[in-house]
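Asker:
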Amino acid sequence: MWGDFLAKYFGTNGIRGKLDEMTPEFACRMAAAFGIWSGRGKILVGRDTRTSGQMLSNAVCAGLISAGCEVLELGVVPAPTVELMVHKLGADGAITITASHNPPEWNALKFVDSKCIAVSPERGEGIEKIFEKATGTVEWNKIRGKTAYYGAIGEHVSTILANVDAERIRRRKLKIVLDCGNGTAGLIAPRLFRQLGCRVLTLNAQPDGFFPGRNSEPTRENIRDLIESVKATGADMGIAWDGDADRVIFIDEKGGYIIGDKSFALSAKLAMQRNRRTGKRSNTIVTTVATTDLLKDIAREFAGEVVYTKVGGPYIAEKVAELNSVSGGEEAGGVIWPDVHIGKDGILTAARIAEAVCDTPLSRLIASLPRYFNAKTKIMCGEREKLELVERMKREEGRAGKATLIDGIRVDYKDGWCIMRASGTENLVRIFAEAKSAKKAGALAAKWKKKVEGWMRNKKASK
Ligand code: MG
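Here it is in structure tokens:
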């Protein structure tokens, strides 16, 4: 009954589905499995602003209680708030009910363990096995209960205030436009930035599960109103979050949209500077194999190193914890600041970038980073074929440069790099290239695409 859904949706970060699959029955049973997997201890539950959130939260709490867990319900909060509170409250894990940037009809369960590391597909298999065994409720006298805990957002705000130079930001009186996208950022960001003495203007700051203001993915097209507002009001910067506020996107004082890999690179630079003063962490930056070489440049500046993982948030968090790294992140604008906590935190990222903007305009901070160009393309193919194509690329191109085989194949050449991965959800392979010029990046991607298409043509002809 449940097998197909699991096979289809136990993805890179938790379980995602529309409500015909992500039913309260499913959520209840999966939460019970997670409760058992995590040792039947103290589990936090939070949710985003989606219309299905309360229903699924009730089901998740019931499942956890049935497994003998003690539940603390945080209510509607950003995903990073839940993760921070795992540390603060010494919890054994957390479930956040959020479909992040997906359309309003979707929802998802995101799991983190007691170290606040998101559960990867590999570790998720352990939960899946318990789920399939169908366990009963614990004995009546082992049932603990649920307590509402509504102070989490205040604690997140005070933690951030304690981890930036709040006085410096207050003196500068930055003018900032916040686009909360009707998601959970609206519950924390205006409050935080007002406490930082900023002149705050807001767009879509009211939480609303219909997301009437804009689509919750903060792409350039979706946040056009923010870009216009920054320009019209002469603000120092604009900030936009996705639905659960783990990812953040910035607009500079000229209205320029800053892509996620640049704000991640700037964040990593700020974290490296901070670590140079404190020296508490290993001089490493963790990111996925698909991330820009900008991170290598930042690491080199501080005599550090970039460590690659497979694509997916949980892998980054696992590695950051293992290496005690200075920074972790991904190209879509999700950044981990391990000196505070190990979850991607779009609110903390926003505060730390604002701190840097006190001295230097955002456009100049970004312009000081080396420039790269990229090209991406995809090739439709069969389900089994996509894996065969990646294997063949490993054999044929793996020796042409420095090959990294953690996820698909990435080859670093003298003057650029290229990666090919099989899509996890669709029947296609994706090729991404990066180089110091647009021409070179385009040529690299085209070269790999031509190779793949040639193999596919030959295979068809030989049939
Ligand atoms: Mg998100």
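In terms of this note's numbering, the sequence shown opens at residue 25 and continues consecutively. Beta carbons: idealized from backbone N, C-alpha and C, even for Gly.
Looking at C-beta atoms only, is the number of pairs between the region 83-100 and the region 148-166 that lie closer than 8 Å three or more?
Answerer: yes
Asker: According to DSSP, is W265 helix, strand or coil?
Answerer: Three-state DSSP puts W265 in a strand.
Asker: Short check: CB of K286 to CB of I390, under 8 Å?
Answerer: yes
Asker: Indicate whether I433 and I443 have their beta-carbon atoms separated by less than 8 Å.
Answerer: yes
Asker: Confirm, please, whether the CB-CB distance from A356 to V335 is below 8 Å.
Answerer: Between V335 and A356, the C-beta spacing is not below 8 Å.
Asker: Would you mind giving the Cβ-Cβ distance between N228 and N206, rounded to the nearest angstrom? I have them listed as a contact below 8 Å.
Answerer: 5 Å
Asker: For S144, count the other beta carbons within 10 Å of its own beta carbon; 16 or more makes it buried, fewer makes it exposed. Which is it?
Answerer: buried
Asker: At a threshold of 7 Å, does A103 count as lining ligand 1 (C-beta to nearest heavy atom)?
Answerer: Yes, Cβ of A103 sits closer than 7 Å to a heavy atom of ligand 1.
Asker: DSSP state of L452, grouped into three classes?
Answerer: strand
Asker: May I ask you to list the residues that DSSP assigns as paired with K42?
Answerer: W130
Asker: With distance defined between alpha-carbon atoms, name the residue in S81, I67, T122, K112 nearest to L96.
Answerer: I67
Asker: With distances taken from each beta carbon to the nearest heavy atom of ligand 1, which residues come in below 6 Å, in chain order?
Answerer: S124, H125, D266, D268, D270, R271
Asker: Name, in chain order, the residues that DSSP records as bridge partners for V136.
Answerer: Looking at the DSSP assignment, V136 forms a beta bridge with A118, A142.
Asker: Kindly identify the DSSP beta-bridge partner or partners of F274.
Answerer: DSSP links F274 through a beta bridge to I263, I282.
Asker: Provide the residue(s) that pair with L96 in DSSP beta bridges, ordered along the chain.
Answerer: L68, T171
Asker: Taking DSSP as the reference, what is the three-state secondary structure of L290?
Answerer: helix
Asker: To test your reading of the DSSP string, which unbroken beta strand (DSSP E) runs of 3 or more residues are found completely within the region 188-244?
Answerer: Uninterrupted beta strand (DSSP E) stretches at least 3 residues long and entirely within the region 188-244 occur at 199-203, 223-227, given in chain order.
Asker: Do the region 371-385 and the region 333-351 make contact, defined as three or more Cβ pairs closer than 8 Å?
Answerer: no
Asker: Let's see if you can read the secondary structure: which residues bound the beta strand (DSSP E) around W441?
Answerer: For W441, the enclosing beta strand (DSSP E) begins and ends at 440-446.
Asker: Give the list of continuous beta strand (DSSP E) stretches no shorter than 3 residues that lie fully inside the region 345-418.
Answerer: 351-354, 358-360, 397-404
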